[in-house]
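Enquirer: Add 23 to the 1-based position in the sequence shown for this note's numbering, that's all there is to it.
Quick reminder that beta carbons are idealized off the backbone N, C-alpha and C, glycines included.
This one's a predicted model, so the numbers in the text were calculated from it and none came from an experiment.
Structure provided below as structure tokens; questions to follow.
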Amino acid sequence: MKLAIVDYEEKYQPCFEKFNKAWLEEYFTVEPVDKWVLEHPREAILDKGGKIYFAMADGVITGTVALRFIEEGVYEMTKMAVDKNFRGAGIGKLLCKTAIEKAREQGVRRLILYSNSILKDALHIYRKLGFKDIPVQPGMYRRSDVMMEIIFKTP
């Protein structure tokens, strides 16, 4: 399987929505904020300075991740999901690594994420890739009981 990372294109929006809604419905529920972001990624993420990336395997979109602008120098890694048929192939790790690298390249000082303690595999990957646990700040998601960050060294 040949994996590549591609930038958001409007034609990929259905995958962004489908993968994330399926994942949320499997583990939690789709909250109103999720529904809006997933159905309107251009307004919710891209037009505000964020980015959305996709993993493509042999020409098929298999997963996605977004970097959402929070404030100057601070972004949230969010909406990471992998098509159920492709889980366990390292795509989530690749997406997470990509988000970290892209944030660093863009000069982000602090990258945060919200998660949940039941997602042991994801939390393991995040920690392995450099995220550190921090106290949970009230965020946008009711399901979050874990918050992490990476502070990038400034040159």
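In the DSSP assignment, the alpha helix (DSSP H) including F39 goes from what residue to what residue?
Expert: Residues Q36 to Y50.
Enquirer: How many angstroms separate the CA atom of P179 from the CA atom of A27?
Expert: The question about residue 179 has no answer here: the residues shown for the chain are numbered 24 through 178.
Enquirer: Any chance the region 64 to 80 sits against the region 88 to 95, with 3 or more Cβ pairs inside 8 Å?
Expert: Segments in contact, yes.
Enquirer: How many Å lie between L47 and K176 at the Cα?
Expert: Answer to the nearest angstrom: the Cα atoms are 33 Å apart.
Enquirer: Output the distance between the C-alpha atoms of A67 and K25, rounded to the nearest integer angstrom.
Expert: Roughly 30 Å separates the two Cα atoms.
Enquirer: What are the boundary residues of the beta strand (DSSP E) that includes I75?
Expert: From DSSP, the beta strand (DSSP E) with I75 extends over K74 to A80.
Enquirer: Mind checking whether L152 and K116 have CB atoms under 9 Å apart?
Expert: Result yes, Cβ atoms of L152 and K116 sit closer than 9 Å.
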